[in-house]
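Per my numbering, residue 376 is the first one in the sequence shown, and the count goes up by one each step.
All residues carry an ideal CB built from backbone N, CA and C; glycine is no exception.
Structure first, then comments.
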Amino acid sequence: MNIELSRREWMKGGSAFALAALLSGEASAQDMTVPGFVPSPETPLRLSSNENPYGISRAAKNAIIEALETSHLYSSRRDRRPILAELLAKIEGVDPSNITFSGGSGEILKTLGLITAVEGGAVLTADPTYHGLTRYAINRNVPIKHIPVDASMTIDLDAMKEAYTDDISIIYLVNPNNPLPTIMEKNKLRDFCIEMSEKCLVFIDEAYHEFVENTDYATMVPLTAIHENIVVARTASKIHGFAGLRLGIGYGSEKWIEKINEYITGSSNSLALAAALASYEDTETQEFVLQKNRESKKIVYDLFDKHQVNYLRSNTNFIFFETGIDVNEVRKRFQKHGILVGRPFPPYTTWCRVSMGKPEDMVYFAEVYEREFAS
Ligand SMILES: Cc1ncc(COP(=O)(O)O)c(C=O)c1O
376 MNIELSRREW MKGGSAFALA ALLSGEASAQ DMTVPGFVPS PETPLRLSSN ENPYGISRAA
436 KNAIIEALET SHLYSSRRDR RPILAELLAK IEGVDPSNIT FSGGSGEILK TLGLITAVEG
496 GAVLTADPTY HGLTRYAINR NVPIKHIPVD ASMTIDLDAM KEAYTDDISI IYLVNPNNPL
556 PTIMEKNKLR DFCIEMSEKC LVFIDEAYHE FVENTDYATM VPLTAIHENI VVARTASKIH
616 GFAGLRLGIG YGSEKWIEKI NEYITGSSNS LALAAALASY EDTETQEFVL QKNRESKKIV
676 YDLFDKHQVN YLRSNTNFIF FETGIDVNEV RKRFQKHGIL VGRPFPPYTT WCRVSMGKPE
736 DMVYFAEVYE REFAS
């Protein structure tokens, strides 16, 4: 396996313009979207944060350019928020009054952590899972109860139900989960949400919703319009590529939407809203990203099958695999070749999370894996 050769081939594939940009130093770690991007320890391939390697769509870019003209204005009641709420309400089958926006879904997670800190109660969640809400809540002295995932590395709803006590004010579930790209079975989850929302808020974080192609999965957004204590968060950061642009979406009853709006400290910006109006209508680009994600996952599955590596089949844009080596050492070995992979996720410290880049990125990842880890 000749990595240098593969890099040269890769450079040849880029356009002259992209190569010029690269050589002039314009291409950086953030520029994986530039054709001809070549990974190096200084400008690494970011397979660490579950970002979209294609960036925002052309339609979104055009919408931003147009929206720049009015970006100096504070938003008014006639701004893009109600129009986007109408569009998403139609897509999801809820009412616009069930929707709120934020600067990334992380802000909705933190807001619910803040509400718990101010109004009292504890958080019940899985382990491991995404830390956006719990880290914020812990810093405000909110007690957190973590329930380990089951033997199939899936969030254990039976154990969560058993662990519920009267002091719990919010149950936070990530579906599909992160860093474990597993899902909870839809009927079991629906029953859980309905039953437990009689006792406390059930909050489902569906950041990776658009990537799921598993018939055992269902979104819980429709429940938010019927049951008062169920909230769902979505993000435009993943399939729409808005991680830097920032747009989160909260779905909930009018009571919870009002409460989130009352506590939230930031807001969505006019460029992100304009871009989202274009991007959520642009199903062709979403399908393109999904197809590329499938291709990338296949390259990594084939690699791991070939080397009999233990991994979880993914419902997201990342794969979790076992190396048997401390993940900090694994990260160093990938970094030498210009690849960033996920941070440690205890207790799985000999496992590694790799985000899906473009298929050609994953070919390079496979080459580096074989060189560094295959015997
Ligand atoms: C499960 C989960 N929820 C929420 C977020 C926050 O996303 P953002 O704040 O970009 O919308 C992430 C980011 O990776 C995530 O993985």
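{"Check": "What does the alpha-carbon distance come out to for the pair A396 and N668?", "Outcome": "With a pLDDT of only 40 at A396, under the threshold of 50, the placement of this residue in the model should not be trusted; the figure read from the coordinates follows. Near 26 Å, if we compare the C-alpha coordinates of N668 and A396."}
{"Check": "One question on the structure: do L646 and A434 come within less than 8 Å of each other, judged by their Cβ atoms?", "Outcome": "no"}
{"Check": "Between A582 and ligand 1, is the CB less than 7 Å from at least one heavy atom?", "Outcome": "yes"}
{"Check": "Using 7 Å as the cut-off, classify the Cβ of G732 as near or not near the heavy atoms of ligand 2, replying yes or no.", "Outcome": "For the structure depicted, ligand 2 is absent and the ligand set comprises only ligand 1."}
{"Check": "Return helix, strand or coil for P471, following the three-state DSSP convention.", "Outcome": "helix"}
{"Check": "Taking the CB atoms as reference points, tell me whether G619 and L420 lie closer together than 8 Å.", "Outcome": "no"}
{"Check": "Examine ligand 1 and report whether any of its heavy atoms sits within less than 7 Å of the Cβ of Y505.", "Outcome": "yes"}
{"Check": "May I ask you to report which of helix, strand or coil DSSP gives A538?", "Outcome": "helix"}
{"Check": "Are A460 and I439 touching if we call contact CB-CB under 8 Å?", "Outcome": "no"}
{"Check": "What separation, rounded to the nearest whole angstrom, lies between the Cα atoms of I700 and P719?", "Outcome": "11 Å"}
{"Check": "For R728, which residues from the same chain have a beta carbon less than 6 Å from its beta carbon, with the 5 sequence-adjacent residues on both sides left out?", "Outcome": "P554, F693, F695 and G717"}
{"Check": "If we count Cβ pairs, one from each stretch, closer than 8 Å, do we get three or more for the segment 575-585 versus the segment 542-556?", "Outcome": "yes"}
{"Check": "In the structure shown, what three-state DSSP assignment does Y744 receive?", "Outcome": "helix"}
{"Check": "Would the segment 629-637 count as touching the segment 467-484 if we require 3 or more Cβ pairs under 8 Å?", "Outcome": "yes"}
{"Check": "Am I right that G488 and V517 are in contact with their C-beta atoms under 8 Å? What's the rounded C-beta distance?", "Outcome": "7 Å"}
{"Check": "Below 8 Å CB to CB, which residues in the same chain sit around L687 once its five sequence neighbours on both sides are set aside?", "Outcome": "M528, L555, P556, T557, I694, F695 and F696"}
{"Check": "Per DSSP, what kind of secondary structure is S645 in: helix, strand or coil?", "Outcome": "helix"}
{"Check": "How many Å lie between S628 and G481 at the Cα?", "Outcome": "19 Å"}
{"Check": "Are there any heavy atoms of ligand 1 lying less than 7 Å away from the beta-carbon of S642, as far as the coordinates show?", "Outcome": "no"}
{"Check": "If I follow the unbroken beta strand (DSSP E) through V549, where does it start and stop?", "Outcome": "I543 to V549"}
{"Check": "Quick one: what does DSSP say K563 is sitting in, helix, strand or coil?", "Outcome": "helix"}
{"Check": "By the 10 Å Cβ neighbour count, where 16 or more other Cβ atoms means buried, how is A582 classified, buried or exposed?", "Outcome": "buried"}
{"Check": "Take R456 and list the residues in its own chain whose beta-carbon comes closer than 8 Å to its own, dropping the five residues that flank it on each side.", "Outcome": "S450, F476, S643 and L648"}
{"Check": "Return yes when at least one heavy atom of ligand 1 lies under 7 Å from the C-beta of L484, else no.", "Outcome": "yes"}
{"Check": "Between S432 and D680, which are expected to be in contact by the criterion C-beta below 8 Å, what is the C-beta distance as a whole number of angstroms?", "Outcome": "Wrong, their Cβ atoms sit about 33 Å apart, outside the cutoff."}
{"Check": "Classify K465 as helix, strand or coil using the three-state DSSP reduction.", "Outcome": "helix"}
{"Check": "Return the chain-ordered list of same chain residues with a C-beta closer than 6 Å to the C-beta of I605, the five sequence neighbours on each side being excluded.", "Outcome": "C568, S572, V577, L598 and T599"}
{"Check": "Which class does F751 belong to by DSSP, given the choice of helix, strand or coil?", "Outcome": "This structure leaves residue 751 out entirely; the chain is present only between 376 and 750."}
{"Check": "Do A492 and R373 come within 8 Å of each other at the CB atom, strictly closer than that value?", "Outcome": "There is simply no residue 373 to check, as the chain begins at 376 and stops at 750 in what is shown."}
{"Check": "CB Y592 to CB V607, shorter than 8 Å?", "Outcome": "no"}
{"Check": "What residue range does the beta strand (DSSP E) around R369 cover?", "Outcome": "Nothing in the structure corresponds to residue 369, since the chain is present only between 376 and 750."}
{"Check": "Compute the minimum distance between the beta carbon of Y618 and the heavy atoms of ligand 1, and state whether it is under 7 Å.", "Outcome": "According to the sequence as given, residue 618 is Ala; it is not Tyr. The answer is yes for A618."}
{"Check": "I need the boundaries of the alpha helix (DSSP H) containing V596, first residue and last residue.", "Outcome": "V596 to T599"}
{"Check": "Quick one: Cα of R609 to Cα of I530, how far?", "Outcome": "19 Å"}
{"Check": "Please report the straight-line C-alpha distance between K711 and W726, rounded to a whole angstrom.", "Outcome": "19 Å"}
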